[in-house]
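Just so you know, the sequence shown maps onto residues 18 to 374 in this note's numbering. Read the structure below first, then the notes.
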Amino acid sequence: MSKSILVLPGDGIGPEIVAQALKVLDKINQQFDIGMVFEEGLLGGAAIDAHGVPLADATLARARAADAILMGSVGGPKWDKLDRAIRPEKGLLKLRSELQLFANLRPAILYPQLADASTLKPEVVSGLDILIVRELTGGIYFGEPRGIRTLANGEREGFNTYKYSESEIERIGRNAFEMAMKRNKRLCSVDKANVLEATVLWREVMDRLAPEYPEVSLSHMYVDNAAMQLVKAPKQFDVVVTGNMFGDILSDAAAMLTGSIGMLPSASLDKNRRGLYEPCHGSAPDIAGQNIANPLATILSAAMMLRYSLDQEPAAQAIELAVSKVLDQGQRTGDIMSAGMTQVGTDAMGDAVVAAL
Ligand code: NAD
């Protein structure tokens, strides 16, 4: 049976890095006989230029019909002065919310070959393998009421609402427990239950779910401590589950433990594991079109797509192994370059992964 993949290269380095992931997927398609069929669409600035909106209805309809979506990145200075409502990022936010992609998975893996790239001591981070599961469609980023109002005394006040329903917490909780079952069976739920009622409920729901996953050991941590522990002893974590805002911040911190944002993939899944796969980094306009961007985060996102949405674990592992082989060979893009290694461009890095397959 064929699998339809909607490819949204986006802006900046997006088209260059997605092209490399497509080369890799083409090879995997032949090797594992997966039957992936690819079609391309426009998102972000590219869609604004063509259609006047960052996500056209027709593209959204194609995204709904696809088995998975592979994306590059969106945005850039060209569109920064546009009205907020039609900025490139709005297209991505709309895609996430319309498709109910509530579970954002961000692995932070430090390949031993790149231990020197981290700002932390190699012994603290070498072999690091954390999965952060961030709730993506609720919490304070979406809570109503919100806005800026003028008080009776004439002073202005900004306000947002932090809320989570039990069912929202339960679905992200189940997702995280299931991820933990497939890994080292340790789940740390991060909240601020000493201050925020919304997260008192969060903690209650996580505790209620725990007996259904007896093999998983569940712990709780306040977000301030979690931030500290992430830089102090990050290897204590296996899977971390948290709300939208805390996850936003902690996953960026975890990403930087690994030294290069150019290596980090991500997945955003709905309840049926249909998903949007993209690198954690942005469109890097400063290096776009120069054939120097690191395509490995996008290639590793394609591996996640095979694992979570297409149920092709061996194919996912083959890509991850090929990436590791290429690093063993000493091939590096500029962002992960170190003494004694061979610097290669975006295109050559994509070719090297294909060759390693
Ligand atoms: P960025 O991640 O694009 O770039 C930050 C720095 O990392 C830059 O110096 C860039 O050159 C470098 N970098 C990023 N990816 C790289 C790669 N693959 N290889 C080598 N170096 C890489 O973040 P930014 O500069 O804050 O944002 C640029 C644009 O991207 C903005 O318009 C922003 O809104 C957008 N953005 C989009 C997404 C997304 O599409 N999901 C996420 C973040 C930022």
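Beta carbons are placed, not taken as given, at the ideal position from N, Cα and C, and that holds for glycine.
Within the present structure, is the beta-carbon of residue i separated from the nearest heavy atom of the ligand NAD by less than 7 Å?
i: V91; result: yes
i: N192; result: no
i: G27; result: yes
i: L168; result: no
i: V221; result: In the sequence as displayed, the identity of residue 221 is Glu instead of Val. E221: no, Cβ never under 7 Å from the ligand NAD.
i: S355; result: no
i: L110; result: no
i: I34; result: yes
i: P71; result: no
i: P124; result: no
i: D265; result: no
i: D84; result: no
i: P302; result: yes
i: T76; result: no
i: A314; result: yes
i: N311; result: yes
i: I65; result: no
i: D352; result: yes
i: I149; result: no
i: E232; result: no
i: E185; result: no
i: I30; result: yes
i: I103; result: no
i: G299; result: yes
i: G279; result: yes
i: E115; result: no
i: E295; result: yes
i: E106; result: yes
Spatial neighbours of residue i within its chain, please: CB distance less than 8 Å, with the 5 preceding and 5 following residues excluded, ordered by chain position.
i: H298; result: S90, I278, G279, L281, A314
i: M374; result: Residue identity check: residue 374 is Leu in the sequence provided, not Met. Contacts found: V41, K44, I45, Q48, A335, I336, A339.
i: Q117; result: T154, D287, K288
i: Y239; result: V207, D208, K209, A210, N211
i: R173; result: I165, R166, T167
How far does the alpha helix (DSSP H) with residue i in it extend, from its first residue to its last?
i: R81; result: 74 to 82
i: F263; result: 261 to 274
i: R14; result: The chain is shown from 18 up to 374; residue 14 falls before or after that span and cannot be answered.
i: R220; result: 214 to 226
i: R324; result: 313 to 325
i: R104; result: Taken as a continuous stretch (DSSP letters only), R104 belongs to no alpha helix (DSSP H), as it is neither H nor E.
i: M88; result: It is not in any alpha helix (DSSP H) - M88 instead sits in the beta strand (DSSP E) that spans 85 to 90.
i: L137; result: That residue, L137, is in no alpha helix (DSSP H); it is neither H nor E in DSSP.
Answer yes or no: do residue i and residue j have a C-beta to C-beta separation smaller than 8 Å?
i: T350; j: S135; result: no
i: S21; j: D84; result: yes
i: N311; j: D345; result: no
i: G92; j: S300; result: yes
i: R113; j: L317; result: no
i: S206; j: M223; result: yes
i: L226; j: G190; result: yes
i: Q37; j: M366; result: yes
i: Y80; j: L145; result: What sits at residue 80 in the sequence shown is Ala, not Tyr. Contact: no.
i: K107; j: P71; result: yes
i: L168; j: E115; result: no
i: R188; j: F119; result: yes
Spatial neighbours of residue i within its chain, please: C-beta separation below 6 Å, excluding the five flanking residues on both sides.
i: V54; result: S19, S21
i: N121; result: R151, L153, S285
i: D255; result: R200, N201, R203
i: A197; result: L204, V233, V256
i: A132; result: P139, S143
i: E57; result: V24
i: A320; result: A333, I336, E337
CB-CB under 7 Å to residue i, same chain, minus the five flanking residues each way: which ones, in chain order?
i: N177; result: I157, G160, R163
i: G27; result: L60, G61, A63, M88, G89, S90, V91, S300
i: P32; result: P26, G89
i: Y179; result: G156, I157, G160, L213, A215
Since residue i is in the beta strand (DSSP E), which residue starts that stretch and which ends it?
i: S206; result: 203 to 208
i: T167; result: 164 to 167
i: L235; result: 234 to 239
i: S53; result: The sequence given here places Met at residue 53; Ser does not occur at that position. Element bounds for M53: 53 to 57.
i: K20; result: 20 to 27
i: S277; result: S277 -> no beta strand (DSSP E), and no H or E assigned at all.
i: N121; result: 120 to 126
i: P146; result: It is worth fixing the name first, because residue 146 is Asp in this sequence and not Pro. Taken as a continuous stretch (DSSP letters only), the beta strand (DSSP E) holding D146 covers 146 to 152.
i: S285; result: 282 to 286
i: G62; result: Not the beta strand (DSSP E): G62 falls in the alpha helix (DSSP H), residues 62 to 68.
**Asked** At a cut of 8 Å, does the region 346 to 360 reach the region 44 to 63 through at least three beta carbon pairs?
**Response** no
**Asked** Between the region 244 to 252 and the region 263 to 273, do three or more beta carbon pairs fall short of 8 Å?
**Response** Note that the region 244 to 252 touches the region 263 to 273; at least 3 beta-carbon pairs, one per stretch, sit closer than 8 Å.
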